[in-house]
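To keep things clear, I will list the structure first and then write my remarks on it.
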Amino acid sequence: MNEQIENNQINSAGHLTIGGCDAVELANEFGTPVLVYDTAAIKTQIRHFQEVFTQNDVDYAVCYASKAFANTAMYQLVNQMDCHIDVVSEGEMKMAMHAGFPASRMTFHGNNKSAEELRLAVTSGIGVIALDNFHEIQLLSQILEETNQQVDVILRITPGISAHTHEYIQTGQVDSKFGFDLESGQAEEALQLVLKEERMNMLGVHAHIGSQIFELAGFEGEGEKLVDLAASWEKKYGYQTKVLNVGGGFGIRYTSDDRPLAPQDFVNTIIKTIKARTSELGIATPAIWIEPGRSIVGPAGYSLYTVGSRKDVPGIRSYLAVDGGMGDNIRPALYDAKYEAVLANNPAAEAVETVHVAGKFCESGDILIQEQALPATKPGDILAVLNTGAYGYSMASNYNLNPKPAIVFAENGKATLVTRRERIEDLEALDFNLDGSSN
Ligand SMILES: Cc1ncc(COP(=O)(O)O)c(C=O)c1O
Ligand SMILES: N[C@@H](CCCC[NH3+])C(=O)O
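Start counting the sequence shown at 14; every next residue gets the next number (the working numbering).
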């Protein structure tokens, strides 16, 4: 049996359970593809992050990076857990506020925030704006003047650290579209500008070195660089950094071969690194903020699909097709990301063959899993792809006009539909006829 499944995740019917709910019954009730979250797992991970800060006795904020997965219920859940959130668009900001999430606990990120987005942020009382570039400092300055507002800001810097992860998801290295470069003095120039802005309250510094990182070294280097920067700014400008936001990026287990540290262990090391360096340099330890996305929602998510057709290419391989694919999970096609699946209607059955799990999209690259050992399957079986909670739904598309899946939250044997399946009518509603009339 797949070692990522717990023994207590198989019920008396021999089916996989998620949050105490029978996965086959969930598939029957809500249809497939459906994305199911074990919400207890989300809460437990958030608590682990919170505990590691309290154990180390530092001021902190756990800012859930909502780009990893956002819907109304998720914003409400993280609000209940006293998290902050990171938002990167008008859409994320508006949905979070609509869900009742207070703007004061939001950090607004992005490398090309529009004037409208910045205006919405400041007039809604956004907690923090993460300044990313010189154009934005100027734009925000005008908007604050025009709206007669004040705002807390942090400077996003690129610390020049290349974390060992897929090139597309590295963001902290020097050659990055995000943030102010440290080495060339851009970050310091940005500080000088912000300190002159009476309507901007300089809260601190932010860095994010990449995503799905397994090694500690990058985070240690990041922590040290941020403290060194804070110390040098204090010495030179008398400016005391109140917040060091170290971003997210804590790697998770996708396949049985992955052996990451527990996410909170990365954070423990970051906290210890920062405390040691601040004490060495004789400055106060600022509050430490983290922005985990993947580690909060990734392992909690399961994508349920129905098995359909099959193609056996003699002597080469077999393709087992499911009713979703790159439209609901682009990661294998985009990053060559690896996943594992289990047969939800019999997860304990012995594997008898290795197949390619193919999606239904018109693209040869629409292969969800390259090599998956599985028991014998037949059309109608339910396949559960594991650890699909992060950057699946949030990067979903309507390629081939396939509607996006439904989302269900499961906990203590109770399943709640939190996002209904998209209907083709939802997409048609955006369109007009050829002559421009309503259709
Ligand atoms: C600024 C920022 N913070 C946080 C995250 C979340 O990263 P992860 O989901 O890897 O924890 C990202 C995405 O990589 C990001 O760009
Ligand atoms: N979307 C990426 C991570 C990038 C995060 C954005 N900074 C993934 O699926 O792994």
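Think of the CB as a built atom: it goes at the ideal place given N, C-alpha and C, for glycine as much as any other residue. The structure presented is a predicted model; accordingly, all values stated were derived computationally and were not measured.
| Item | Value |
| --- | --- |
| Residues bridged to residue 76 [DSSP beta-bridge criterion] | 97 |
| Residues bridged to residue 34 [DSSP beta-bridge criterion] | 31 |
| C-beta atoms of residue 116 and residue 110 nearer than 8 Å | yes |
| Classification of residue 305 by the beta-carbon crowding that lies within 10 angstroms, buried from 16 upward | buried |
| Residue 99 CB to nearest heavy atom of ligand 1 below 7 Å | yes |
| Closer than 7 Å: residue 225 CB and nearest ligand 2 heavy atom | yes |
| Uninterrupted alpha helix (DSSP H) stretches inside the region 85 to 155 (no shorter than 4 residues) | 85 to 93, 103 to 111 and 128 to 136 |
| Limits of the alpha helix (DSSP H) - the one that residue 293 falls within | 276 to 294 |
| Range of the contiguous alpha helix (DSSP H) that encloses residue 235 | 230 to 250 |
| Residues near residue 214 by beta carbon distance below 6 Å, same chain, minus five either side | 165 |
| Rounded distance between the beta-carbons of residue 204 and residue 168, thought under 8 Å | 6 Å |
| Contained alpha helix (DSSP H) runs [length at least 4] in the region 362 to 443, N- to C-terminal order | 437 to 441 |
| Check: residue 126 C-beta below 7 Å from any heavy atom of ligand 1 | no |
| Pairwise C-alpha distance: residue 381 and residue 339 | 7 Å |
| Proximity test, residue 339 beta-carbon vs ligand 2 heavy atom, cut-off 7 Å | no |
| Residue environment, residue 172, which counts as buried when at least 16 other CB atoms sit within 10 Å | buried |
| Contact set for residue 73: own chain, Cβ-Cβ below 7 Å, skip 5 residues either direction | 66, 300, 301 and 302 |
| Nearest to residue 438 (by Cα), restricted to the options 417, 426 and 449 | 417 |
| Secondary structure of residue 60, DSSP reduced to three states | helix |
| Rounded separation between residue 98 and residue 323 - CA only | 43 Å |
| Per DSSP, the bridge partner or partners of residue 324 | 332 |
| Test item: CB-CB of residue 357 and residue 14 under 8 Å | no |
| Short Cβ contact (8 Å threshold) for residue 71 with residue 420 | no |
| Per-residue burial, residue 395 [other beta carbons within 10 Å of its own, 16 or more giving buried] | buried |
| Test item: CB-CB of residue 290 and residue 236 under 8 Å | yes |
| DSSP-derived helix/strand/coil call for residue 352 | coil |
| Where residue 315 falls, given that 16 or more other Cβ within 10 Å makes a residue buried | buried |
| Residues of its chain near residue 307, where Cβ-Cβ distance is below 6 Å and the 5 sequence neighbours each way are ignored | 81, 265 and 403 |
| Chain C within 8 Å of residue 419, Cβ atoms only | Looking for chain C here will not work: only one protein chain is present. |
| Exposure of residue 76, with buried meaning 16 or more beta-carbon neighbours within 10 Å | buried |
| Same chain only: Cβ atoms within 8 Å of residue 127, ignoring 5 sequence neighbours per side | 103 |
| Counted within 10 angstroms of its Cβ, other Cβ atoms place residue 35 as buried (16 or more) or exposed | buried |
| Contacting residues, own chain, Cβ-Cβ under 8 Å from residue 369 (five flanking each side not counted) | 330, 331, 332, 333, 380, 382, 383, 384 and 385 |
| DSSP state of residue 71 mapped onto helix, strand, coil | coil |
| Beta-bridge partners of residue 217, as assigned by DSSP | 167 and 256 |
| Length of the line joining the Cα atoms of residue 150 and residue 208 | 11 Å |
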